[in-house]
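Novice: Structure in structure tokens, see below.
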Amino acid sequence: RWSFTWSAGINVKDVVGGQVVFGCSFTLTGNNNKYFCKGTCSGRDILVETKRSKTVSQGRYSIEDNRDGVFYVTIKNLMKSDSGTYWCGVERTIKDTFQEVNLTTLTQTLTQTLTHSLTHSLTHSLTQIHSLTHSLTHSLTHSLTHSLRHSLRHSLRHSLRHSLTHSLTHSLRHSLTHSLTHSLTQTLPEQDRVRVLVRLFSTNGHVVMLMI
Numbered sequence: 003r004w005s006f007t008w009s010a011g012i013n014v015k016d017v018v019g020g021q022v023v024f025g026c027s028f029t030l031t032g033n034n035n036k037y038f039c040k041g042t043c044s045g046r047d048i049l050v051e052t053k054r055s056k057t058v059s060q061g062r063y064s065i066e067d068n069r070d071g072v073f074y075v076t077i078k079n080l081m082k083s084d085s086g087t088y089w090c091g092v093e094r095t096i097k098d099t100f101q102e103v104n105l106t107t108l109t110q111t112l113t114q115t116l117t118h119s120l121t122h123s124l125t126h127s128l129t130q131i132h133s134l135t136h137s138l139t140h141s142l143t144h145s146l147t148h149s150l151r152h153s154l155r156h157s158l159r160h161s162l163r164h165s166l167t168h169s170l171t172h173s174l175r176h177s178l179t180h181s182l183t184h185s186l187t188q189t190l191p192e193q194d195r196v197r198v199l200v201r202l203f204s205t206n207g208h209v210v211m212l213m214i
């Protein structure tokens, strides 16, 4: 099964515990069997193969084949011992074709661990701040709306009452004055009219002179 025909190599790396995904490119693959392997690429060295299926998983390894010339390999839960050289292979009638894959697994440093922890903590804190801001905004909006509504209602009520009282007082005073004046001109002699009117309106601080 081994062949020394291969495409340009692929270099991938990630930290221990992470995962890598990479695409292996070939021409004229169609429904051919695709596989991912190491060493001599025979027997147990074949880690996962499609057997003409589009998607297949074997332990930590999986292949997704869209049959468009590229198939994707995923390796999960990387271990330090995973570092090394692998091969993407396509089964052919005469000889298989391969693409070299160089995988490097890295041990997380203290800085990376702290960065991950701080990122998680910051994300959690920002979520809480967003939630608190939303709650406070809603509460403040509700409180201000209620307060403004109450204040506006009170102000309008007071203004309307004052305006109505003033209007009615003015209207009644005018109506009474007109009515009394008319009555006096009809019933009293001319010399008594002014005296009576002055007496009627002196309580309001006004002196009314009736000119006939």
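Count along the sequence shown starting at 1, add 2, and that's the number in our numbering.
Glycine included, C-beta positions come from ideal geometry on N, C-alpha and C.
Quick check on the burial criterion: 16 or more other C-beta atoms within 10 angstroms. Buried or exposed for Ile226?
Specialist: For the chain, the structure presents residues 3 to 214; residue 226 sits outside this window and is missing.
Novice: Sort out for me which residues DSSP pairs Phe73 with in a bridge.
Specialist: As a working mapping, residue 73 is identified with position 71 in the sequence shown. In the DSSP output, where bridge partners are listed per residue, Phe73 has Cys26 and Asp67.
Novice: By the three-class DSSP mapping on this structure, what secondary structure does Asp16 have?
Specialist: Looking up residue 16 in the sequence shown gives position 14. The answer is strand: DSSP assigns Asp16 an E or B state.
Novice: Going residue by residue through the region 42 to 67, where are the continuous beta strand (DSSP E) segments of at least 3 residues, counting only ones entirely within it?
Specialist: 48 to 51, 57 to 60 and 63 to 67
Novice: Select from Cys43, Asp47 and Ser64 the residue whose C-alpha is nearest the C-alpha of Val23.
Specialist: Sequence index remark: in the sequence shown, residue 23 carries index 21 (1-based). The option with the nearest alpha carbon to Val23 is Ser64.
Novice: In or out: Asn34 buried (at least 16 other Cβ within 10 Å) or exposed?
Specialist: Here residue 34 is taken as the residue at index 32 of the sequence shown, counted from 1. Under this definition Asn34 is a buried residue.
Novice: Exposed or buried, which one is Lys36 when buried takes at least 16 other CB atoms within 10 Å?
Specialist: As a first step, residue 36 is located in the sequence shown; it is residue number 34 there, counting from the start. It counts as buried.
Novice: From this set, Tyr74, Ser133 and Asp70, which residue's C-alpha is nearest Leu30's C-alpha?
Specialist: One-based indexing of the sequence shown puts residue 30 at position 28. Among Tyr74, Ser133 and Asp70, the Cα nearest to that of Leu30 belongs to Asp70.
Novice: Pull up the distance between the alpha-carbon of Ser5 and that of Cys39, whole angstroms please.
Specialist: For the purposes of this step, residue 5 is taken as residue 3 along the sequence shown, with counting starting at 1. For the purposes of this step, residue 39 is taken as residue 37 along the sequence shown, with counting starting at 1. Per-residue confidence for Ser5 stands at a pLDDT of 49, beneath the threshold of 50, marking its modelled position as unreliable; no derived number is given.
Novice: Could you have a look at Lys82 and say whether DSSP puts it in helix, strand or coil?
Specialist: Within the sequence shown, residue 82 is the residue found at index 80, counting from 1. In the structure shown, Lys82 sits in a helix (DSSP, three-state: H, G or I).
Novice: Are the CB atoms of Cys43 and Gly91 nearer to each other than 8 Å?
Specialist: Within the sequence shown, numbered from 1, the residue matching residue 43 stands at position 41. Within the sequence shown, numbered from 1, the residue matching residue 91 stands at position 89. In this structure, Gly91 lies closer than 8 Å to Cys43 by Cβ.
Novice: Excluding five sequence neighbours on each side, which residues of the same chain lie with their C-beta closer than 7 Å to the C-beta of Gly86?
Specialist: Taking the first residue of the sequence shown as 1, we reach residue 86 at position 84. Counting only Cβ-Cβ distances below 7 Å, and skipping sequence neighbours, we find Lys40 and Leu105.
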